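*Asks:*
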């Protein structure tokens, strides 16, 4: 039976249980687990708790919960991140105003600093026994990288790998040399299947920034032994070519990344082996396995990319997956042509919003019909408002003319009212007043008159001298119908739609009849 430790969010153990089912993984993908606890002695656990198996790298943080009910019986499954998954959920990025995140010093000190940087220094305790040092090491390609991949790349640069271990209620993050299992797997001792891979890409064309004839292009080649350089030795039928698309890369970045990816493709083949317990238990992610058959002379090297641990009925079983070394996920390669759908590194991620589409290096904009409808509605409303103001202007103009006529008529009435109304002297004075002298004419604005009123149909002058003015945008060439006008049409559409103002429909036979009332 395997004992599983359950601990709270402060890594304080609360129980050790053995009746569990576990599916746990770490490596190039997954980095998670599912844990079902069937032990009646288990405490009430919560999200944010931890579990681990003492003395091993198996463990993680509980994040989610799944409840399944069958036959009236419920089963809780706790889902979470393995230790590597917790690192993978963090991003290492440059400081403000810096091109790259750069580290120097002893490896343990560097990891301590990086763990503090991503807020996991309270979870992991770094083993300080390794004395390896680095100077001005840059997280360069990619610049923004998840902490797990970043740590693996960092340690791989000096032949090291990560090593997790739960010990004394601490999660130790150790640094250990990459293990190479060699001269152990032998056809005389164990069954295995090894396959050479002479079909691996040996000519990689790197495609960088710019377009068409100006695009940056580099070529790297691998020889029969898998050594990468810029000298081609495999030609003709032996050449296996592919492209590597890194559309944002400058020349220096393109050269280093193209070379790096071609090196990663030189695995030499594949291997499927069944390991003895003493060999398998010691393997971890990034260790290397060499399969050798003395009879055929076949020798194949592979890298452990994933470790899977399962517990069922109290029995623990480990399996491994082997393949390519750790790769940065900021570019893609293809065996036939470049792919614009793959992710690209070193640049800005673009997301097409409403009305936009991104195809290759082109951004297309499309105006939706509803956008034009909204603009059209605003324009129509403005026209109706202008028409209403124009009608008011026309009415005001007519009122002003009527006021002038009333003033002129006043003199005629006074001339005719002689008897009993005024003296001869008063009539004499009145006779000397010129016709229209008492009429008031509104000043009109022009090039010679400043501050006047430009009467264009928007000014209203009542008979008692009160002037009301409205400012509008004009009728824009439309016909203006003053109040009291009657309009007929055959559509039944209210004239306010086209001419503004307020209208009422009158009873009629045949055509639709409307009267302007405002």
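Residue numbers (my numbering): 178 to 695. Yeah, the Cβ is synthetic: ideal placement off N, Cα and C, and Gly gets one too. Since this is a predicted model, take the numbers as computed values, not measurements.
To the nearest angstrom, how far is the alpha carbon of residue 661 from that of residue 605?
*Replies:* Taking the chain shown and counting its residues from 1, one reaches residue 661 at position 484. Taking the chain shown and counting its residues from 1, one reaches residue 605 at position 428. The straight-line gap from Cα to Cα measures roughly 44 Å.
*Asks:* From residue 344 to residue 443, what does the alpha carbon distance come to, in whole angstroms?
*Replies:* Within the chain shown, the letter at position 167 stands for residue 344. Within the chain shown, the letter at position 266 stands for residue 443. Whole-angstrom Cα-Cα distance: 38 Å.
*Asks:* Within its chain, find whatever has a CB closer than 8 Å to the CB of residue 464; leave out the 5 residues flanking it on each side and keep chain order.
*Replies:* Position 287 of the chain shown, counted from the start, is the residue given in the question as residue 464. Excluding residues within five positions, the ones whose Cβ falls inside 8 Å are 338, 355, 356, 357, 358, 480, 481.
*Asks:* What is the DSSP secondary structure of residue 325, counted as helix, strand or coil?
*Replies:* On the chain shown, position 148 is the one that residue 325 refers to. Helix.
*Asks:* Express the C-alpha separation of residue 328 and residue 429 in angstroms, rounding to a whole number.
*Replies:* Mapped onto the chain shown, residue 429 falls at position 252. Mapped onto the chain shown, residue 328 falls at position 151. One C-alpha to the other measures close to 23 Å.
*Asks:* Under a three-way DSSP split, which group does residue 680 fall into?
*Replies:* Working through the chain shown from its first residue, we reach residue 680 at position 503. In the structure shown, residue 680 sits in a strand (DSSP, three-state: E or B).
*Asks:* DSSP three-state label for residue 182, please.
*Replies:* Counting from one through the chain shown, the residue named residue 182 turns up at place 5. Three-state result, residue 182: strand.
*Asks:* Opposite residue 692 in the DSSP bridges: which residues?
*Replies:* Here the question's residue 692 lines up with position 515 in the chain shown. Its beta-bridge partners are 663, 681.
*Asks:* Could you name the residues that DSSP lists as bridge partners for residue 341?
*Replies:* Here the question's residue 341 lines up with position 164 in the chain shown. Per DSSP, 350.
*Asks:* Going by the beta-carbon positions, is the gap between residue 162 and residue 289 smaller than 8 Å?
*Replies:* The structure shown does not extend to residue 162, since the chain is modelled only from 178 through 695, so no value can be given for it.
*Asks:* Suppose the cutoff is 6 Å on Cβ atoms and the five residues either side in sequence are ignored; what does the same chain contact list for residue 252 look like?
*Replies:* Here the question's residue 252 lines up with position 75 in the chain shown. 245, listed in sequence order.
*Asks:* Spell out a yes or no on whether the stretch 264-276 and the stretch 219-232 are touching, meaning 3 or more CB-CB pairs, one atom from each, closer than 8 Å.
*Replies:* Contact fails: fewer than three Cβ-Cβ distances are below 8 Å.
*Asks:* Whose CA, out of 410, 324, 350, 189, lies closest to the CA of residue 294?
*Replies:* Counting from one through the chain shown, the residue named residue 294 turns up at place 117. Nearest C-alpha to residue 294: 324.
*Asks:* Which same chain residues end up closer than 6 Å to residue 672 when comparing Cβ atoms and leaving out the 5 residues on each side of it in sequence?
*Replies:* Walking along the chain shown from the start, residue 672 turns up at place 495. Same-chain partners within the cutoff: 664, 680, 691.
*Asks:* Closer than 6 Å by C-beta to residue 310: which residues in its own chain qualify, once you throw out the five before and the five after it? Chain order, please.
*Replies:* The residue given as residue 310 occupies position 133 in the chain shown. Same-chain partners within the cutoff: 283.
*Asks:* Take residue 352 and list the residues in its own chain whose beta-carbon comes closer than 6 Å to its own, dropping the five residues that flank it on each side.
*Replies:* On the chain shown, residue 352 is found 175 positions in, with the first residue counted as 1. Excluding sequence neighbours, residue 352 sits near 284, 307, 337.
*Asks:* Contact defined as beta carbons within less than 8 Å: I believe residue 407 pairs with residue 421. What is the distance between those atoms, to the nearest angstrom?
*Replies:* The sequence position of residue 407 within the chain shown is 230, counting from 1. The sequence position of residue 421 within the chain shown is 244, counting from 1. Their Cβ separation, rounded to whole angstroms, is 14 Å, which puts residue 407 and residue 421 out of contact at 8 Å.
*Asks:* Over the uninterrupted beta strand (DSSP E) stretch that includes residue 460, give me the two end residues.
*Replies:* In the chain shown, residue 460 corresponds to position 283, counting from 1. No beta strand (DSSP E) holds residue 460; DSSP gives it neither H nor E.
*Asks:* Pull the bridge partners of residue 405 from the DSSP assignment, please.
*Replies:* By one-based count along the chain shown, residue 405 stands at place 228. Partner(s): 399.
*Asks:* Count the other C-beta atoms from every protein chain shown that fall within 10 angstroms of the C-beta of residue 436, then say buried if there are 16 or more, exposed otherwise.
*Replies:* The residue labelled residue 436 in the question sits at position 259 within the chain shown. By the 10 Å Cβ count, residue 436 comes out buried.
*Asks:* Count the other CB atoms within 10 Å of the CB of residue 385; is the residue buried (16 or more) or exposed (fewer)?
*Replies:* On the chain shown, residue 385 is found 208 positions in, with the first residue counted as 1. It counts as buried.
*Asks:* Relative to the C-alpha of residue 228, which residue among 489, 340, 190, 438 is closest?
*Replies:* Working through the chain shown from its first residue, we reach residue 228 at position 51. Nearest C-alpha to residue 228: 190.
*Asks:* Take the Cβ of residue 670 as the centre, count every other Cβ of all protein chains shown within 10 Å, and call the residue buried at 16 or more, exposed below.
*Replies:* Walking along the chain shown from the start, residue 670 turns up at place 493. Per the 10 Å Cβ criterion, exposed.
*Asks:* Would you decide whether residue 243 is buried or exposed? Buried here means 16 or more other CB atoms lie within 10 Å of its CB.
*Replies:* Residue mapping note: residue 243 aligns to position 66 of the chain shown, counting from 1. It counts as exposed.
*Asks:* Which partner residues does residue 259 have in the DSSP bridge list?
*Replies:* Locating residue 259 in the chain shown gives position 82, where the first residue counts as 1. DSSP lists 237 as partners of residue 259.
*Asks:* Does the distance from the CB of residue 484 to the CB of residue 202 come in under 8 Å?
*Replies:* Taking the chain shown and counting its residues from 1, the one referred to as residue 484 is at position 307. Taking the chain shown and counting its residues from 1, the one referred to as residue 202 is at position 25. For residue 484 and residue 202, yes; Cβs fall inside 8 Å.
*Asks:* If we ignore side chains and look at the alpha-carbon of each, how far apart do residue 394 and residue 410 end up?
*Replies:* Your numbering for residue 394 matches position 217 in the chain shown. Your numbering for residue 410 matches position 233 in the chain shown. C-alpha separation (whole angstroms): 20 Å.
*Asks:* With H, G and I counted as helix, E and B as strand and the rest as coil, what does DSSP make of residue 392?
*Replies:* For this step, residue 392 is matched to residue 215 along the chain shown. DSSP places residue 392 in coil when its eight states are reduced to three.
*Asks:* Unbroken beta strand (DSSP E) runs of length 3 or more, entirely within the stretch 255-319: which are they?
*Replies:* Correct list: 278-283, 301-303, 310-316.
*Asks:* For residue 492, count neighbouring Cβ atoms within 10 angstroms of its own Cβ and tell me buried if that reaches 16, exposed if not.
*Replies:* Sequence index remark: in the chain shown, residue 492 carries index 315 (1-based). Exposed is the call here.
*Asks:* Whole angstroms are fine: how far does the CA of residue 256 sit from the CA of residue 196?
*Replies:* The count along the chain shown starts at 1 and reaches residue 196 at position 19. The count along the chain shown starts at 1 and reaches residue 256 at position 79. Each residue's Cα considered, the two are about 17 Å apart.
*Asks:* Among the candidates 218, 260, 314, 263, whose CA atom is the shortest distance from the CA of residue 278?
*Replies:* Here residue 278 is taken as the residue at index 101 of the chain shown, counted from 1. Selected option, being the one with the closest Cα: 314.
*Asks:* Considering only residues of the same chain and omitting the five flanking positions on each side of residue 390, which have a CB-CB separation below 6 Å?
*Replies:* Your numbering for residue 390 matches position 213 in the chain shown. Closer than 6 Å at the Cβ level, and outside the excluded window around residue 390, lies no residue.
*Asks:* Does the distance from the CB of residue 261 to the CB of residue 330 come in under 8 Å?
*Replies:* Residue numbering aside, residue 261 sits at position 84 when the chain shown is read from its first letter. Residue numbering aside, residue 330 sits at position 153 when the chain shown is read from its first letter. Going by C-beta atoms, residue 261 is not nearer than 8 Å to residue 330.
*Asks:* Just checking my contact of residue 304 with residue 461 at CB under 8 Å: how many whole Å lie between their CB atoms?
*Replies:* Taking the first residue of the chain shown as position 1, residue 304 is located at position 127. Taking the first residue of the chain shown as position 1, residue 461 is located at position 284. Not really, about 14 Å apart at Cβ, beyond 8 Å.
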